[in-house]
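If you're matching them up, the sequences are chains C and Y in order.
Every letter in the first sequence is one number past the one before it in the numbering used here, and letter 17, counting from 1, is 17.
Every letter in the second sequence is one number past the one before it in the numbering used here, and letter 48, counting from 1, is 48.
Ideal placement from N, C-alpha and C gives every residue a C-beta, glycine not left out.
All of these numbers come straight from a predicted model, not from anything done at the bench.
Some notes on the structure that comes next.
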Amino acid sequence: AQTVTQSQPEMSVQEAETVTLSCTYDTSESDYYLFWYKQPPSRQMILVIRQEAYKQQNATENRFSVNFQKAAKSFSLKISDSQLGDAAMYFCALNRYNTNAGKSTFGDGTTLTVKP
Amino acid sequence: EPEVTQTPSHQVTQMGQEVILRCVPISNHLYFYWYRQILGQKVEFLVSFYNNEISEKSEIFDDQFSVERPDGSNFTLKIRSTKLEDSAMYFCASSVGTGNDEQYFGPGTRLTVT
């Protein structure tokens with residue numbers, strides 16, 4: 001079984017500042033993939049960033065970057081220069097490598113508020 | 001940009017009734033999924049579907065649930081006899097492959113069971 005834990009139910013950040021959302025996970029797999037999804041009030045799930053477990057280099061996508069610590073099973077998301085449009089619920093998710101299924105296990109989510 | 005679509009956006013049904021939630025995945029995708037999200041809670045995996053058969057399902061996906069790809073475009077989730085606790089947002093997703101491949105989510109169907 002695999003689990004994903006997000007220990008911060010809510011976070012807030014001042015516009016233009018930087019915020020880090022935490023995620024830890026547990027899996028017995030050696031190959032897996034990690035994702036951060038954003039869910040704005042419209043409820044549409046949008047992929048923010050992904051990381052392959054076999055890659056040591058942390059993924060970056062514009063203002064979004066991750067700090068992937070495989071030994072610690074930690075996968076945090078850093079949002080730089082926060083914008084009002086970043087306000088949403090953020091979910092960390094884990095996919096194990098499987099040729100026939102791509103089940104994602106999600107964390108409980110972190111609600112991010114951006115203050116103007 | 002291609003997107004996953006879901007209908008209806010909101011379905012209200014009475015307890016014990018059957019409902020069918022419909023999804024149109026992205027056309028070149030091969031893997032299809034259903035997830036649900038009870039209000040205020042995490043997104044939970046229900047089932048994955050590949051090559052016209054279920055590839056994995058969770059313990060939530062009991063005999064009351066079934067999935068089908070009746071034609072080349074639609075992917076449906078049927079709940080045979082709805083319960084109050086089935087009230088949730090149901091998301092369909094699709095992907096080209098598995099593992100690292102991004103799952104594209106639909107906008108969701110809000111199911112309310114009264």
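Inter-residue spacing [alpha-carbon to alpha-carbon] between residue i and residue j
{"i": "Gly-57 (chain C)", "j": "Tyr-32 (chain C)", "result": "According to the sequence provided, residue 57 (chain C) is Gln. The question's Gly does not apply to it. Distance between the alpha carbons of Gln-57 (chain C) and Tyr-32 (chain C) is about 15 Å."}
{"i": "Thr-24 (chain C)", "j": "Phe-61 (chain Y)", "result": "26 Å"}
{"i": "Phe-35 (chain C)", "j": "Val-48 (chain C)", "result": "7 Å"}
{"i": "Pro-116 (chain C)", "j": "Tyr-90 (chain C)", "result": "19 Å"}
{"i": "Gln-14 (chain C)", "j": "Ser-7 (chain C)", "result": "21 Å"}
{"i": "Val-4 (chain C)", "j": "Phe-75 (chain C)", "result": "10 Å"}
{"i": "Gln-17 (chain Y)", "j": "Cys-92 (chain Y)", "result": "21 Å"}
{"i": "Ser-66 (chain Y)", "j": "Val-113 (chain Y)", "result": "18 Å"}
{"i": "Asn-51 (chain Y)", "j": "Asn-95 (chain C)", "result": "19 Å"}
{"i": "Val-19 (chain C)", "j": "Ser-80 (chain C)", "result": "7 Å"}
{"i": "Phe-64 (chain C)", "j": "Lys-78 (chain C)", "result": "6 Å"}
{"i": "Thr-7 (chain Y)", "j": "Val-43 (chain Y)", "result": "19 Å"}
{"i": "Lys-78 (chain Y)", "j": "Val-96 (chain Y)", "result": "24 Å"}
{"i": "Lys-83 (chain Y)", "j": "Arg-69 (chain Y)", "result": "24 Å"}
{"i": "Phe-49 (chain Y)", "j": "Met-89 (chain Y)", "result": "19 Å"}
Any chain C beta carbon closer than 9 Å to residue i
{"i": "Phe-65 (chain Y)", "result": "no"}
{"i": "Ala-88 (chain Y)", "result": "no"}
{"i": "Val-43 (chain Y)", "result": "yes"}
{"i": "Pro-107 (chain Y)", "result": "yes"}
{"i": "Phe-61 (chain Y)", "result": "no"}
{"i": "Ser-58 (chain Y)", "result": "yes"}
{"i": "Glu-68 (chain Y)", "result": "no"}
{"i": "Glu-102 (chain Y)", "result": "yes"}
{"i": "Ser-48 (chain Y)", "result": "yes"}
{"i": "Phe-91 (chain Y)", "result": "yes"}
{"i": "Thr-98 (chain Y)", "result": "yes"}
Buried/exposed call for residue i, threshold 16 Cβ in 10 Å
{"i": "Thr-105 (chain C)", "result": "buried"}
{"i": "Glu-3 (chain Y)", "result": "exposed"}
{"i": "Ala-72 (chain C)", "result": "exposed"}
{"i": "Arg-80 (chain Y)", "result": "exposed"}
{"i": "Met-15 (chain Y)", "result": "exposed"}
{"i": "Ser-41 (chain Y)", "result": "Before going further, note that residue 41 (chain Y) is Gln rather than Ser in the sequence given. So Gln-41 (chain Y) counts as exposed."}
{"i": "Ala-16 (chain C)", "result": "exposed"}
{"i": "Ser-12 (chain C)", "result": "exposed"}
CB contact check: residue i to chain Y, cutoff 9 Å
{"i": "Gly-107 (chain C)", "result": "yes"}
{"i": "Met-11 (chain C)", "result": "no"}
{"i": "Arg-43 (chain C)", "result": "yes"}
{"i": "Lys-103 (chain C)", "result": "yes"}
{"i": "Ile-46 (chain C)", "result": "yes"}
{"i": "Phe-91 (chain C)", "result": "yes"}
{"i": "Tyr-37 (chain C)", "result": "yes"}
{"i": "Tyr-25 (chain C)", "result": "no"}
{"i": "Arg-63 (chain C)", "result": "no"}
Beta-carbon gap between residue i and residue j smaller than 9 Å
{"i": "Thr-76 (chain Y)", "j": "Ile-20 (chain Y)", "result": "yes"}
{"i": "Ser-58 (chain Y)", "j": "Leu-39 (chain Y)", "result": "no"}
{"i": "Gly-108 (chain Y)", "j": "Gln-44 (chain C)", "result": "yes"}
{"i": "Lys-103 (chain C)", "j": "Tyr-33 (chain Y)", "result": "yes"}
For the region 50-59 of chain C against the region 20-29 of chain Y, are there 3 or more C-beta pairs whose distance is under 8 Å?
Not touching, per the Cβ criterion.
Check whether the region 108-115 of chain C and the region 55-71 of chain Y are in contact - that is, three or more C-beta pairs closer than 8 Å.
The region 108-115 of chain C vs the region 55-71 of chain Y: no contact.
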